[in-house]
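Peer 1: Taking my numbering, the leading residue of the sequence shown gets 3, the next gets one more, and so forth.
Just so it is clear, CB atoms sit at the ideal spot from N, CA and C, and this is done for glycine as well.
A quick note: this is a predicted structure, and the numbers were derived from the prediction, not measured.
Got a structure for you, questions after.
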Amino acid sequence: MAEDSAPSSSMHPSFVGVIRQRERLRQKLAGIRHKIGIYSAKGGVGKTTVAVNMAYALSRRGFRVGLLDADIDTPNISLFLGIDGKMEPTLPLKPLDVGGIKVASTAMLAESSERPIIWRGPMIVKMLGEFFENTDWGELDYLLIDLSPGTSDAPLTIMQILELDGFVIVTTPQRVAGINSMRSGLMAKRLNAAILGVVENMSEGEPSESTKRVAEALNAGVLGTIRLNAAFDLYSDAGKVAVFEDPSILEEFDKIVERVINPG
C-alpha cells in the first residue's frame with residue numbers, strides 16, 4: 003500500500019495511528035532538510051559525544067543545525083554543553099540557541115538536572131512526540147537526534163514515526179560494544195531505516211576488527227575513528243565543545259561529517 007493512500011479499515015488501529023502520525027510529522031518537519039539519528043544499543047560508547055561534536059562540526063561549515071536529546075529519562079546534552087537555561091513549558095516548545103545551534107532536551111524542562119526522570123514507556127513516547135510535533139524547530143539543514151541506548155520504546159518510536167536520512171551507529175573497539183552496535187543497526191534495517199555508517203569512538207586510530215565486522219554486517223562503511231582522548235572528559239565537564247578546543251579532534255569530526263554530507 004502506498005504510504006500516502008488512506009489506511010485500510012482492516013488495519014489494526016495502532017498501525018493506522020502510526021501512519022497518520024508519520025504523515026503529520028512529514029508535514030510538520032518539512033522545514034528540516036536532513037534528519038539523522040546517532041545510535042547504539044550499547045550504553046557508554048559516546049553517542050552524545052559524537053552527536054554534540056558532529057552538530058558543531060556541521061555548524062562550522064555554515065549549516066543550520068538542531069540537536070535533540072532523545073534520551074528522555076537520562077538526558078546529558080545539556081551537561082555536555084553547560085546549559086543552565088530552561089525551555090518554557092508551553093506549546094510550541096522553543097529550543098534554546100546554544101552557540102548557533104537549536105538544542106532541546108527534557109533536562110531543559112525539569113526542575114533540576116540532578117533529579118531522576120522516572121517515566122514508563124508511554125510517557126517517554128509521548129514526550130518524543132512533543133519534541134517532534136509541538137516544537138518550533140524552524141528551518142534547519144540538519145537535525146541530529148541523540149537516541150537512548152537499547153532497542154525498546156524510544157528508538158523504536160523514532161524509527162516508526164520519522165522519515166530519517168538514516169543512522170550513524172557508534173561503537174568502540176571492544177567486542178561486546180560491537181555486538182550491541184550490530185544489534186542496533188540490524189534493528190534499524192529491519193524497520194527499513196538506512197545506515198549512514200559506523201563511527202568508532204575511543205579508538206587507537208585504525209578501526210578495530212570488531213568495528214569492521216559491524217560495518218560489514220550492516221553493509222555500511224566506517225565513517226571515521228575518534229581517538230581515545232582524556233580531553234573529552236575535561237571539555238564535557240566544563241561544558242565546552244571539543245571541536246572548538248582541539249584541532250586534532252576537529253579534524254576527526256570534519257572527516258566524519260564530510261562522509262555524511264558527501265557519501266561515496
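Look at the alpha carbon of threonine 272 and the alpha carbon of arginine 26, and state the distance between them as a whole number of angstroms.
Peer 2: Nothing in the structure corresponds to residue 272, since the chain is present only between 3 and 266.
Peer 1: Can you look up alanine 244 in the DSSP assignment and give me helix, strand or coil?
Peer 2: Numbered from its first residue, the sequence shown carries residue 244 at position 242. In this structure, alanine 244 counts as helix in the three-state DSSP scheme.
Peer 1: Specify, as a first and last residue, the run of the beta strand (DSSP E) that serine 186 falls within.
Peer 2: By 1-based counting over the sequence shown, the position of residue 186 is 184. Looking at the DSSP string, serine 186 is not in any beta strand (DSSP E); the run it does join, the alpha helix (DSSP H), is 177 to 192.
Peer 1: Mind the definition here: the segment 41 to 58 touches the segment 142 to 152 only if three or more C-beta pairs lie below 8 Å; say whether that holds.
Peer 2: The segment 41 to 58, when compared against the segment 142 to 152, does touch it at the 8 Å Cβ threshold.
Peer 1: I need the boundaries of the beta strand (DSSP E) containing valine 105, first residue and last residue.
Peer 2: In the sequence shown, residue 105 corresponds to position 103, counting from 1. Note, valine 105: beta strand (DSSP E), 103 to 106.
Peer 1: So, with DSSP's three-state summary, where would you put threonine 174?
Peer 2: Translated into positions along the sequence shown, residue 174 becomes position 172. In the structure shown, threonine 174 sits in coil (DSSP, three-state: anything other than H, G, I, E or B).
Peer 1: Mind the definition here: the segment 215 to 222 touches the segment 196 to 204 only if three or more C-beta pairs lie below 8 Å; say whether that holds.
Peer 2: Yes, the segment 215 to 222 touches the segment 196 to 204.
Peer 1: Return the residue from the list Phe246, Met129, Arg22, Glu218 that minimises the CA-CA distance to glycine 101.
Peer 2: As a working note, residue 101 is residue 99 in the sequence shown. The option with the nearest alpha carbon to glycine 101 is Phe246.
Peer 1: Kindly provide the ranges of any beta strand (DSSP E) runs that are 3 or more residues long and lie completely inside the segment 189 to 225, ordered along the chain.
Peer 2: The segment 189 to 225 contains these whole beta strand (DSSP E) runs: 197 to 205.
Peer 1: If distances are taken between C-alpha atoms only, which option among Met56, Thr51, Leu130 comes closest to glutamate 260?
Peer 2: By 1-based counting over the sequence shown, the position of residue 260 is 258. When only C-alpha atoms are compared, the closest one is Met56.
Peer 1: Measuring only the C-alpha atoms, how far is glutamate 211 from lysine 96?
Peer 2: Position 209 of the sequence shown, counted from the start, is the residue given in the question as residue 211. Position 94 of the sequence shown, counted from the start, is the residue given in the question as residue 96. Each residue's alpha carbon lies about 43 Å from the other.
Peer 1: Whole-angstrom Cβ separation of aspartate 143 and phenylalanine 82, contact assumed at under 8 Å?
Peer 2: For the purposes of this step, residue 143 is identified with residue 141 of the sequence shown, where counting begins at 1. For the purposes of this step, residue 82 is identified with residue 80 of the sequence shown, where counting begins at 1. Wrong, their Cβ atoms sit about 21 Å apart, outside the cutoff.
Peer 1: Rounded to whole angstroms, what is the Cα-Cα separation between glycine 168 and glycine 187?
Peer 2: In the sequence shown, residue 168 corresponds to position 166, counting from 1. In the sequence shown, residue 187 corresponds to position 185, counting from 1. Their Cα atoms are separated by approximately 10 Å.
Peer 1: Going by the beta-carbon positions, is the gap between alanine 53 and isoleucine 74 smaller than 8 Å?
Peer 2: Working through the sequence shown from its first residue, we reach residue 53 at position 51. Working through the sequence shown from its first residue, we reach residue 74 at position 72. The answer is no: Cβ separation not under 8 Å.
Peer 1: Which of the three DSSP states, helix, strand or coil, is assigned to methionine 120?
Peer 2: Walking along the sequence shown from the start, residue 120 turns up at place 118. Looking at the sequence itself, residue 120 is isoleucine, so the reference to methionine does not match. Looking at isoleucine 120 - three-state DSSP - the assignment turns out to be coil, as it is neither helix nor strand.
Peer 1: So, for glutamate 5: in the same chain, excluding its five sequence neighbours on each side, which residues have a beta-carbon less than 8 Å away from its beta-carbon?
Peer 2: For the purposes of this step, residue 5 is taken as the residue at position 3 of the sequence shown. Low confidence applies to glutamate 5: its pLDDT is 48, below 50, so where it sits in the model is not reliable, and the reading given next is rough at best. Correct list, in chain order: Ile21, Arg24, Glu25.
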